[in-house]
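Below: one structure, written as structure tokens.
Residue numbers (my numbering): 58 to 482.
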């Protein structure tokens, strides 16, 4: 703090300002530009009467409020206070902090069956099409379970390595990052000492940290208990043919945890596309997941689609035929991503939209939006197959099976070998 600032503070404290005015003055000169403060100090030194000093300092504050930069800041504050319009979320997972900014239906009401399975300690597969809201549902369920006292850990399987040890190293790193956050949150809530999690780089490290007698569970819970829920997203990446060893190792060790009372993990949820129901392992008995308990991610109901669009219509002041909303539900079957995609198209439509005009927009605009749709692009990329065996399988499917409802007889040895090899894919 400069000497000039100290001098001004002395004057302010000695003059007859009320408490609020005095605090405002002190705050102003604390953060004021040094050259400006020097000028004020020089002027004050020439003033003998306290009443004049008071009036002068008040004018300094008033001048600040009238400065263009201050007026701009206040205008920005007023703009930020105006609620922003919500948007349609098409491709991405809706994170907890985004829920108020997007058109969103709380999926928890349709998740009771899955939550009940988790409460029972089951290892569950949550499956559904891409962009159908699986991850969004998962995050909402995690919030619900956390409120019940569970520790929920969310891991996303991205690009997996084929090396088993490297795979476990990546999983260990992700689990440790999650646990670090949980321990820091607990410390903020009143723990007297922070907790340092041991190094986690191997499968053995994971087993040691998640053992029920490990110190971390005494730190996170009043009494050590099996209250940890693991969620593994993009679980279908384990099903790639070159991931067989990784998948077998993962499932085998999950089964060890499930069948032992000595681990803090109560339940595991694998999240992915329909393919996760056909786990890629040569020995299906090692899988801890019971396919009969698999939970299909539900699409929006017609009422939920109407709820979303009613909010959208009211917020934007639109006039939209009720038949359009019904048509969107029928055409998309309530698929979350597609319902939102249609909403994005309607945003570019006139304020008043009848059913006939919608059908024209549906043909012209929806095609453009779908071509940009990440899930669609991913599907088309998947068709550009480089693996020779998979490519041969796709060709066989197209040429021999698609388009016929009759039994297809296969006698060619290469084709028979290809069909049998698909059992392990």
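Positions of the beta carbon are idealized from the N, C-alpha and C atoms, including for glycine.
In this structure, DSSP gives residue 386 a helical state, which the three-state scheme calls helix.
Short of 8 Å from the beta carbon of residue 202, and not among the five residues preceding or following it, lie these beta carbons of its own chain, in chain order: 172, 175, 209, 286. Only exposed fits residue 275, as fewer than 16 other CB atoms lie within 10 angstroms of its CB. Non-local beta-carbon contacts of residue 284 in its own chain, meaning distances under 8 Å to residues more than five positions away in sequence, involve 206, 207, 208, 278, 321, 323 in chain order. When beta bridges are read from the DSSP output, residue 182 appears opposite 327. Secondary structure remark: continuous beta strand (DSSP E) runs of at least 3 residues inside the segment 275 to 309, in chain order: 285 to 290.
Contact between the segment 153 to 161 and the segment 323 to 332 is absent, with fewer than three C-beta pairs closer than 8 Å. Nearest C-alpha to residue 106 among 230, 394, 73: 73.
DSSP places residue 396 in the uninterrupted alpha helix (DSSP H) bounded by 393 to 404.
Contact between residue 224 and residue 400 is ruled out by a C-beta separation of about 39 Å, above the 8 Å threshold. Burial check for residue 256: the Cβ neighbour count within 10 Å stays below 16, so the residue is exposed. Per the DSSP secondary-structure output, residue 236 pairs with nothing in a beta bridge. Closest in C-alpha terms to residue 305, from the list 330, 281, 268, 346, comes 346. In the three-state reduction of the DSSP assignment, residue 315 falls in the helix class, which pools H, G and I.
Sixteen is the threshold: when 16 or more other Cβ atoms of the shown chains lie within 10 Å of the Cβ of residue 291, as they do, the residue is buried. The shortest C-alpha to C-alpha distance from residue 288 to any of 468, 336, 214, 454 is the one to 214.
Taking every protein chain shown into account, the CB of residue 119 has fewer than 16 other CB atoms within 10 angstroms, so this residue is exposed. Shortest Cα-Cα distance from residue 64 to any of 389, 94, 300 involves 94.
Look at the beta carbons and you see the segment 350 to 358 touching the segment 389 to 397: at least three pairs across the two are nearer than 8 Å.
The Cβ atoms of residue 362 and residue 385 sit closer than 8 Å to each other. Taken through DSSP and simplified to helix, strand or coil, residue 270 comes out as coil. Spatial neighbours of residue 375 in its own chain (CB-CB distance under 6 Å, excluding positions within 5 residues in sequence) are listed in chain order as 408. Secondary structure of residue 333 (DSSP, three-state): helix.
It is roughly 9 Å from the alpha-carbon of residue 168 to the alpha-carbon of residue 352. Residue 273 counts as buried, since no fewer than 16 other beta carbons sit within 10 angstroms of its beta carbon. According to the DSSP assignment, residue 365 belongs to the alpha helix (DSSP H) that extends over 359 to 373. In this model, residue 370 and residue 148 are separated by some 22 Å (Cα to Cα). Around the beta-carbon of residue 100, fewer than 16 other beta-carbon atoms lie within 10 Å, marking it exposed. Remark: C-beta atoms of residue 182 and residue 403 do not approach each other more closely than 8 Å.
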